[in-house]
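Every letter in the sequence shown is one number past the one before it in this note's numbering, and letter 186, counting from 1, is 836. For reference, the structure discussed in these notes is given below.
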Amino acid sequence: MSEDNLKFETRLLHFGGEIDKATGASSVPLYQASTFHHEDVFNPPLHDYSRSGNPTRQVLEDYIALLEGGIRGFAYASGMAAISSTFMLLSSGDHIIVTEDVYGGTYRLLTSILNRMGMECTFVDMTDLDQVKSAYKANTKAVYMETPSNPTLKITDIGGVCEWAREKELLTILDNTFMTPLYQRPIELGVDIVLHSATKFLGGHSDVLAGLAVARTKELGDALKQLQNGLGTVLGVQDSWLLMRGMKTLGARMAHSEQSAAKLAAWLSGRSDIEGVYYPGLLHHPGREIHEKQSSGYGAVVSFDVGSGQRAKEVLNAVKLPLVAVSLGAVESILSYPAMMSHAAMGEKVRHERGITDGLLRFSVGLEDIDDLIADLDQALAARP
651 MSEDNLKFET
661 RLLHFGGEID
671 KATGASSVPL
681 YQASTFHHED
691 VFNPPLHDYS
701 RSGNPTRQVL
711 EDYIALLEGG
721 IRGFAYASGM
731 AAISSTFMLL
741 SSGDHIIVTE
751 DVYGGTYRLL
761 TSILNRMGME
771 CTFVDMTDLD
781 QVKSAYKANT
791 KAVYMETPSN
801 PTLKITDIGG
811 VCEWAREKEL
821 LTILDNTFMT
831 PLYQRPIELG
841 VDIVLHSATK
851 FLGGHSDVLA
861 GLAVARTKEL
871 GDALKQLQNG
881 LGTVLGVQDS
891 WLLMRGMKTL
901 GARMAHSEQS
911 AAKLAAWLSG
921 RSDIEGVYYP
931 GLLHHPGREI
941 HEKQSSGYGA
951 VVSFDVGSGQ
961 RAKEVLNAVK
971 LPLVAVSLGA
981 VESILSYPAM
991 MSHAAMGEKV
1001 RHERGITDGL
1011 LRFSVGLEDI
1021 DDLIADLDQA
1031 LAARP
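Below you can see the structure in the form of structure tokens.
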């Protein structure tokens, strides 16, 4: 069988670096070394210093490049390290068009750090391609997408944005954390750089902090490599190994969690005491048809509005099974409160304009039995202090 014909779930386990060529070990060795000996100083070895390159991290970087269908991959100390390093491709005076309900950490980076360096950004409702086009300025250099968006799961037409961006010679960047390359492969749709908070679904076990980037072209790969080395935002050896271990089970984990998420979303939609449910798999979800054209699954994140901040806090205090915590994408379910967690950096007015209300909760469905999760949430929704 040709390796080119392998299904995605098989590639998760047979990615070319799963067996150590030196020893036959079934796990990638941890090269816990900061520097490497030069047998011949005039012919330096492939790796000379671990900030510039480490054999363990290299396997991970090749792994994610293969899964995303890109030319070159990069591993960073966190998702925000991957995002911030990528934005360093731009310069003072450059303008970026950004998904309006972008992850709160990205919003904070753009509005409180990069703006001090002279970079500009315009947040738009990227479900409307006309709004994206209208935001174009003479100094626009990039478009930053997040689809489904966090936490309201709005859908952007990736191919449509990329086609227009190519006409304008703009860099396209997409955060693929929610879908992962299992369900969505943005490079095949024209995206230049794909980003991940690998802490989430790729790692999958709430035990590693990591970020990944994949470049579509050699030129972008070379530029990202220079930035990664120059900024030193690299992922450590132990975390690289942990992330690879988590990625091997991505297919099995996502299949279970997505099935459960669909059942949870349907159950929430049938309740009269829930003001809104956001999940791409629901028939009424805006942009579902576009999502189905560019993705092969719906993911494992369900957001829902319980009506008020007070009720949201009551639910958070009453649930017994999910972690009440920042983050998502783990084997255990995680219930988050975006207004005070992932999107705390957004002011109240800005949040509300983007549909991130005080009553909004985000449920990342794990591997528990879905009937147990629903029963627990049912009692939490009925709870009163």
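C-beta: ideal position from N, C-alpha, C; glycine also.
query: For residue 721, collect the residues of the same chain with a Cβ closer than 7 Å to its Cβ; drop the 5 residues on either side in sequence, then sort them by chain order.; result: 715, 865, 866, 867, 868 and 871
query: When you compare only the Cα positions, how much space is there between residue 654 and residue 993?; result: 41 Å
query: Can you look up residue 1015 in the DSSP assignment and give me helix, strand or coil?; result: coil
query: Which residue spans inside the region 817-844 form an unbroken alpha helix (DSSP H) run of at least 4?; result: 830-833
query: Note down the Cα distance separating residue 777 from residue 804, rounded to an integer number of angstroms.; result: 7 Å
query: I'd like the ranges of any alpha helix (DSSP H) spanning at least 4 consecutive residues and lying wholly in the region 751-822.; result: 754-762, 779-784 and 808-817
query: Which residues share a DSSP beta bridge with residue 955?; result: 926 and 1010
query: Taking C-beta to C-beta, are residue 727 and residue 859 nearer than 8 Å?; result: yes
query: Going residue by residue through the region 695-739, where are the continuous alpha helix (DSSP H) segments of at least 4 residues, counting only ones entirely within it?; result: 705-718 and 729-737
query: Report all residues from its chain with a CB closer than 7 Å to the CB of residue 839; omit the five preceding and five following residues, and keep chain order.; result: 808, 809, 812 and 944
query: Classify residue 687 as buried or exposed, calling it buried when 16 or more other Cβ atoms lie within 10 Å of its own Cβ.; result: exposed
query: Using the C-alpha atoms, what's the distance from residue 819 back to residue 961?; result: 47 Å
query: Note down the Cα distance separating residue 806 from residue 855, rounded to an integer number of angstroms.; result: 28 Å
query: Would you identify the three-state DSSP class for residue 669, choosing helix, strand or coil?; result: coil
query: Return yes when the Cβ of residue 937 is within less than 8 Å of the Cβ of residue 1008, no when it is not.; result: no
query: Just to confirm the assignment, what range does the alpha helix (DSSP H) spanning residue 660 have?; result: 658-661
query: If you draw a straight line from the alpha carbon of residue 744 to that of residue 971, how long is it in whole angstroms?; result: 46 Å
query: Just to confirm, is the Cβ distance from residue 747 to residue 785 under 8 Å?; result: yes
query: If you reduce the DSSP assignment to three classes, tell me which class residue 846 lands in.; result: strand
query: Measure the beta-carbon distance from residue 915 to residue 931 and round it to whole angstroms, keeping in mind my assumption that it falls under 8 Å.; result: 6 Å
query: Based on Cα-Cα distance, which residue from 996, 782 and 770 lies nearest to residue 789?; result: 770
query: With a threshold of 8 Å, are at least 3 pairs of Cβ atoms found where one atom belongs to the region 661-680 and the other to the region 700-715?; result: yes
query: In the DSSP assignment, find the alpha helix (DSSP H) that holds residue 676 and state where it starts and stops.; result: It is not in any alpha helix (DSSP H) - residue 676 carries neither H nor E in the DSSP assignment.
query: How would you label residue 826, buried or exposed, when you count the other beta carbons within 10 angstroms and need 16 or more for buried?; result: buried
query: Using the rule of at least 16 other Cβ atoms within 10 Å of the residue's Cβ for burial, across every protein chain shown, is residue 935 buried or exposed?; result: buried
query: Can you have a look at residue 955 and say buried or exposed, based on whether 16 or more other CB atoms are within 10 angstroms of its CB?; result: buried
query: Does DSSP classify residue 691 as helix, strand or coil?; result: coil
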